[in-house]
Amino acid sequence: MRIRKVLVTAANPRQRTLPLQTLVDRAGEPKSALQIILEEAAGAGIEEFGVVVCPGDEPAYADACGALRSRVRFIVQDAARGYGHAVLCGRPFVGDDAFLHLVGDHLHVSHSATSCARQLLEIAKAENAPVSAVQPTRESQLTSFGTVGGRLVGGARPLYQVESVLEKPTPTLAEQHLIVPGLRAGFYLCFFGMHVLEPDIFQLLEEQQQAAPERPLGLSPALHALAARRRYLAFSVAGRRFDIGAPYGLLLAQLAISLAGRDRDRVLTQLLELVAVRPE
Amino acid sequence: MSLASSASPRLLEIIEASDPARRDSALDSWCAGKTRAELLAACDELDAYRRREGNLYRRVRALFFLAALHRYHLPARPELPREGRVPYEGFCHLLDRRFEEAIGLFQRAQQEAGPSETLSSALASAYHALAFQTLADQVRRTVRSTHGNAWMFRLGHPLDQPLRVRRELLVREHASAPFPLLRERTPVRMDLTHCGWSDIFFLGMDFPEGARVLNVSIDLGVHGRDSATRPPVEAYFRLIDEPAIRLASADLEASACLTTLDEVFDFGRDYLGLLKAAIIAAGLVPPGIERSGASLAELLASMFGPGRGFELVSNVNRIPKGSRLAVSTNLLGALIGVCMRATGQIQSLTGPMAEEERRMVAARAILGEWLGGSGGGWQDSGGLWPGIKLIEGARAEPGDPEHGVSRGRLLPRHTLLGLDRIPAEARRRLQDSLVLVHGGMAQNVGPILEMATEKYLLRKEPEWSARQRAIATLDDILALLAAGDIRGLGRALTGNFFGPLQTIIPWVSNLYTERLIERTRAAFGDDFWGFWMLGGMAGGGMGFIFAPERRAEAQAQLLETMLRTKRELESSLPFAMDPVVYDFAINEHGSVASLLHGPEALLPLAFYQHAVPGWLRREARDLSARERGDLQQFTLAARSDPTFVQALPTLLDRMLPSADGSGAPGRQLDQLLADNGFDRAQHEQIRADLRSGRIGLAMNRLPPSTRIEDVAARDLFDAASATEPLRRAGESALHRGEVAVVTYAAGVGSRWTQGAGVAKALHPFAKFDGHHRSFADVHLAKSRRTSAAAGAAIPHLFTTSYLTHAPIERHLRAQGAALDREVFLSPGKSIGLRLVPTVRDLHFAWEETAQQKLDEQKEKMRESVRAALAQWARTVGEGGDYTDNLPGQCLHPVGHWFEIPNLLKNGTLARLLAARPQLRTLLAHNIDTLGATVDPALLGWFQESGATLGWEVIPRRIEDHGGGLARVDGRLRMVEGLALPREEDEFALTYYSTNTCWIDIDRLLALFGLTRGELADAERTAAAVRTMAARVPTYITLKDVKKRWGHGQEDIFPVAQFEKLWGDMTALADCPQVFAVVPRQRGQQLKDQAQLDGWARDGSAQHIASLCAW
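These protein sequence lines are chains L and D, in that order. Offset between the first sequence (1-based) and this note's numbering: plus 692. Offset between the second sequence (1-based) and this note's numbering: plus 221.
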């Protein structure tokens, strides 16, 4: 499996400015969230970048791409017809190859020297199968993420065979269908905002769009169908994802990046000062 | 040891056998012919086995075996000593539900003092309770760990709440408009057969193959009241702009606004416990957050947005309690369903539920029932499913939380029987023939379910084969129903009721039900096709099946028959309401939800009837936006909706004070008091003493310095050792007509019917000679037999009270008793007016006396009910007259001390002596001491003793509470339990009072300062009685009294009353007394209906039957 392309979705009309937010990266450089995402992909060996945006957002996003600007192709989603539809818009860009898919509102911090994207790509290549990155997540957060159910197949590696996928399940549903043996009670495998997929996902998305053309098209139902059709894996990446669209999400992402980088001591000192000073 | 090794393995083999034939063999058969030593050795083996065995059901079966060995088999061995002592500490452990520790102490006592019937009774009780505790714990664990339920027990902080409201519920026209209303409508369920209560969780989990139910969802209407049938259960949910939970039960006319988490978990403080349980079980306020100290507003904000909460309203279409149609479980299901839909736990916001969702709601309903301290069968939430379904136990598979623990799953499997299995024509025929009724009785089905569980595990023949037949009946019934053979169905259901069901539990039937069946059969002949017991027992919800062309006629006639029969029996059996006939239709949809907007978003009419008067009394500007909105909705509906238009006059009535100022109940009460010898001066003295604290529960006790000692066997006459000369002397006295029997029949069986206020004497509690007989019938039958044997009539007196006199007189006349010749009634001439208890006495009763601790959730419920009762006493006025009930429920008999003096006061004894001057001796006994007879040997003993009073005692068992025979400061005396200085004193007393007393008439008169001749002088007699009354102590007691309201609803209040007790005559130094120990079967009393089954099984019933002549 060769993976040269990344498809980034950033066309959610309610969050169209999120990827444009400026953060300070691990090296202490101010960068947009989009640039950090693209660099994560580039660091993993990705060569071509496609970003799905809302109509009219291209100039602002182009400015936010940093040094990778020239290698980024923008794909416009004409109307907000769902996350799955945004992915489907990337079909001409992706062509016949497997591809990395990232979401524009998630930032990732690796717990090892290997970036999260690289960890995922390596496992996908080794297994020669589509793989979604996942993170064990407390049940109280379930309503924010797509969640997979399955069983451990990787031996020592946290690699799972996916059996079902549900988008933002209630804990009631999750307990019935998504319990993964080996995880702590009350924890589920939730998406990380990072997938390696193959073009057959587009076929599934199209089928689902045709079945219910009036409904917004989700990605999770297509992934659920994928699990029923072929070997589809989930990999618990050594790292953490940060949903910058959640309340305090951007702040937490910034803190996590800084605490994992050059300015760790500086940020930590200031944090402690903040904690120590009790406002009257 | 040799005995143990030869006998016990065979008993363990029964438990462990994989071969069903061996596993299903009965303990009774194994015990037949075994000696005491063999049985005790088997007990040791079983106890060791149940301690080491990991498998739940083997453990539980061993526990039931142990309970049965100690309760039935060991006491039946003549070589087992009768007398022993129960360690008080063990008894306390028992009350605290620390069964293992109790068993340990009882076993140690058995090792030290040797086995005895007393200790066996204690061990039986502990093993029995531990068995049920083990089963209940397992169900609780399984409910908690069922997938879909467990997360709620982990959630402990509002920020962790993952549920979010469905967006559709947030859409409204403008900011001050009400939010849309989500309504869930759910049918109730009826079961065509439950295969011998196989829907009890424990049975389904151990014997899934035998757990089968045919269950039908139905809509209901009350015949003659409702124009059409409809799903009788409704639940409504909507958001409100307040950070609170508003609850309302439209049918119970109760509402509350909850602003703290503690209020949500406080189940007993109002009538909204079911709604609270639903909120918790639906995960909106998850059980894990209880006592976390978190803010309810914060929790609500996380689900509904800041400043918002929700309102939950329940409505039952006036279907009375006890309908046996699982109304409350289905209401719980509807409430949970609507809450789960609102928070996205059920995918479809409206319409029916998917199969998986129904199963989830059913699992949550089980959780809710456990939280609310109630419980039902696993088929009860059947109303969530549509139409007719077969519900069966399912084997636990790998991955199920039950796997490896029990053979079956907690939740059964539902198979919908579509038109291919039960054709439309068959359904129509069933509806055309069946008349559903509520007979009016509301009884506690709990003891029946416990009996069914125990009998299942003991596998006694013929109960076990009856269970097999009941299981097979289901297939017959299914085939008959599928074929549309309703006549055959009726026959099969009747056969099931009179056959397997009554063989397993005889107490499911009663005189009322059987009389109804008999009369219906007489009226309709071959057109009455069959009887059908709905649910756990008969008397409440029932079905009668008729030829279709006579169904309409049968509906009218059955109502009339039920009313007439109820009138005849309402003094004997506990009725909660007048009977009703239902209209019904099979519901083919199950539970269905709709989202209502604008003018359609109407709450049930009963909600407005309860709420609108309150709103109208307030200034318009003081109403909240929600209240104004609701008032506008109501006004709009009142203009257009005929049902609302018709309700307007009732609503206006509610707004105005009652126009009926006649004060009829008050006048009735005064009249009753006047008619029954109420002593107002004495009452006011007691009331003043109670209020000032001079008397009260704590003051009942003897001084702590009193020396209480046990009585040695040598101080008593042993009835078993009575000599032939004594017997002959007694027989001669009987032949000379020197004896009369006095049966105390003034009581209303507070424990027997939990305060329902029926004459206990007339309760047709068991069948003898093929017919239901009352206590009074049994006593007369014994006298009849004794008279025949003695060749002389034995007069029989019943002492009565204001509550029991008229019904007993009617009953005796109807029976053709020779009133005033052989049977006499002695009307009570002393009466008391109940008082609101003091909070001090309530706390004393709850905290200072040993109390049975309940299951964790039930204990919580009880605590909250007690807080409400203490508040009630404070609000109404401590020590005030209790008048807020039916007049008859406000009065109380003043204790059995007065029963004998009343014979003097009311002239009954004088008349009797005039007619039978040879009369010398009375035998007085309680109504429930069924074994008390004029035994010639005991009569001979008493007459020869020369004493004034002769008392009968029995060796104590653990269930014998309330005092006993003691040496008090050196003198033999009967001491009431409430008078003992310390509760533990009672456990040092070997003998328990039966309250059966032999009385020498002339010596008693002399003690009172009277002669036979002076009995004619009413004033002198009254003065003598008053003087004697002053010499015996007055006790304050708390009794439970029921207050009925609504549609079969009942509340139980503790009320204070005073009593004087006949046993205190033993404290009089100038009254010579003798005491005899008698066999248990002669002296035991039936206080609680739950005792009946053991009484029938241990041979007591058979013994009583042998004393009677019918």
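All residues carry an ideal CB built from backbone N, CA and C; glycine is no exception.
When the five nearest sequence neighbours on each side are left out, the beta carbons in the same chain lying within less than 7 Å of the beta carbon of M672 (chain D) are those of I726 and D1314, in order along the chain. A Cβ-Cβ separation of about 7 Å places T564 (chain D) in contact with L505 (chain D) under the 8 Å criterion. At a cut-off of 4 residues, the continuous stretches assigned as alpha helix (DSSP H) that sit fully inside the stretch 485-555 of chain D are 494-502 and 517-525.
Comparing alpha-carbon positions, the option among D:A982, D:R994, D:V1044 and D:A980 lying closest to S1004 (chain D) turns out to be D:V1044.
Taking 3 residues as the shortest admissible run, the stretch 772-841 of chain D contains the following complete beta strand (DSSP E) segments, listed from N- to C-terminal end: 801-807 and 813-817.
Per the C-alpha coordinates, the member of D:W1067, D:V409 and D:G1234 positioned closest to A1135 (chain D) is D:G1234. DSSP places L301 (chain D) outside both helix and strand once states are collapsed to three, so it counts as coil. The beta-carbon of L384 (chain D) is placed less than 8 Å from the nearest beta-carbon of chain L. Per DSSP, the unbroken beta strand (DSSP E) holding D412 (chain D) starts and ends at V409 to T414. DSSP places K1126 (chain D) in the uninterrupted alpha helix (DSSP H) bounded by E1120 to K1126.
Each of D:V656, D:T1248 and D:A1326 was checked against the Cα of A1153 (chain D), and the nearest Cα belongs to D:A1326.
The C-alpha of P1048 (chain D) lies about 36 Å from the C-alpha of F1208 (chain D). When the alpha-carbon of G757 (chain D) is set against those of D:W750, D:L732, D:K787 and D:L722, the nearest one is in D:L722. Listed along chain L, the residues sitting closer than 8 Å to H368 (chain D) by beta-carbon distance are E867, Q868 and I871.
For A920 (chain L), not one C-beta of chain D is nearer than 8 Å to its own C-beta. Around the beta carbon of L640 (chain D), a 10 Å sphere encloses fewer than 16 other beta carbons of the protein chains shown; the residue is thus reported as exposed. Here V779 (chain L) carries a helix assignment [DSSP, helix/strand/coil]. Pairing Y753 (chain L) with V745 (chain L) gives a Cβ-Cβ distance under 8 Å. With a beta-carbon spacing of about 12 Å, K981 (chain D) and V999 (chain D) fall beyond the 8 Å limit used to define contacts. Per DSSP, reduced to three states, the secondary structure at A920 (chain L) is helical. Where E1069 (chain D) is concerned, there is no enclosing alpha helix (DSSP H), because DSSP gives it neither an H nor an E. Contacts between G878 (chain L) and chain D, judged by CB atoms closer than 7 Å, involve W372 and R375 in chain order. Distance from the CA of P795 (chain D) to the CA of N731 (chain D), rounded to the nearest whole angstrom, comes to 11 Å.
Look at T701 (chain L): its C-beta is not under 8 Å from any C-beta on chain D. Per DSSP, the beta bridge partners of Q827 (chain L) are L:C882. Straight across, the Cα-Cα distance linking L479 (chain D) with W973 (chain D) is about 37 Å. Following the DSSP letters along the chain, one finds M754 (chain D) in no alpha helix (DSSP H) but inside the beta strand (DSSP E) bounded by residues F749 to M754.
Taking a C-beta distance under 8 Å as the contact criterion, L760 (chain L) and L792 (chain L) do not qualify as a contact pair. Taking 8 Å as the CB threshold, D381 (chain D) lines the interface with chain L.
For M581 (chain D), the C-beta contacts it makes with chain L under 8 Å involve T864 and Q868, in order along the chain.
What T835 (chain L) touches in chain D, judged by beta-carbon distance under 9 Å, is P383, L384, R385 and G565, going in chain order.
Judged by DSSP in its simplified three-state form, F1163 (chain D) adopts helix.
Fewer than three pairs of CB atoms, one per stretch, sit closer than 8 Å, so the stretch 232-248 of chain D makes no contact with the stretch 954-972 of chain L.
Closest in alpha carbon position to R949 (chain D), among D:W1331, D:R1061 and D:L1159, is D:L1159.
Interface criterion not met: the Cβ of G604 (chain D) is under 8 Å from no Cβ in chain L. In the structure shown, the three-state DSSP call for R1192 (chain D) is strand.
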